[in-house]
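In this note's numbering, the protein residues as written are 443 to 692.
Structure below.
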């Protein structure tokens, strides 16, 4: 059967039969791929430990009728080892993986930018560079930008008037000016909107100085905007641990 090699990150694993697993990967060249890893649940399996959630791996696969089959695996970066024992990092990584899977509706559709974004976010979580909820919200904002759904933050989403507008409407596409503000729009704080801009731009110095209430307010806007466009909620998002958000910056 035809074989191919690619680098990917493990988004999800599912049990199959008594000894196998179905692995969902976001790969560099082939987009989202679902493949069977045979015998990996056996204690003598040499590759089972390399195909855990959030692992960054180099694989060889051969094409099957409905699912590809993993034949070789080498670890590139064991992100999962540094994530799974920390509840905050684990829940943030789970939301990242679910978002990546939801944004790749078509299997085998190349998604290089999303792959690189996902790898970068998991690497940041594994290294503990920033608070996990900040990493997650930065990822969600940039992933929405990749999908063409980035919220308008520096101009009115309706008329395009430049400026830092104080109303936010998910249905309208982000910040809206006074003339375009639809009923039911939120009135977030200036600080929450500035944090969203900082996360989208990668300004970690600004983001790291923000307090917990501001971070949670911004997170609510990010989550509402994402789930509006996905048309149904992420299962993992309500589980994200935000209880200690902002403590490192105080």
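Ideal Cβ placement from N, Cα and C applies to all residues, glycine included.
Under the criterion of beta carbons closer than 8 Å, residue 451 and residue 546 do not qualify as touching, at roughly 12 Å.
Under the DSSP assignment, residue 473 falls in the beta strand (DSSP E) whose first and last residues are 473–479. If you look at residue 562, you'll find it isn't in any beta strand (DSSP E); it sits in the alpha helix (DSSP H) that goes 554–569.
Distance between residue 497 and residue 667, taken at the CA atoms: about 28 Å. Sequence-distant partners of residue 622 (beyond 5 residues in either direction) whose C-beta falls short of 6 Å from its own C-beta, in its chain, are 598, 600 and 601. For the pair residue 662 and residue 530, the Cα-to-Cα distance works out to about 17 Å.
DSSP places residue 519 within a strand segment (E or B) once states are collapsed to three. Contact check for residue 495 and residue 459: beta-carbon distance about 19 Å, past the 8 Å limit, so the pair fails to qualify. Between the alpha carbons of residue 476 and residue 519 lies a distance of about 20 Å. The Cβ atoms of residue 493 and residue 511 do not sit closer than 9 Å to each other.
Taking 9 Å as the cut-off, the Cβ atoms of residue 509 and residue 448 do not count as close. Rounded to the nearest whole angstrom, the C-alpha separation of residue 664 and residue 683 is 16 Å.
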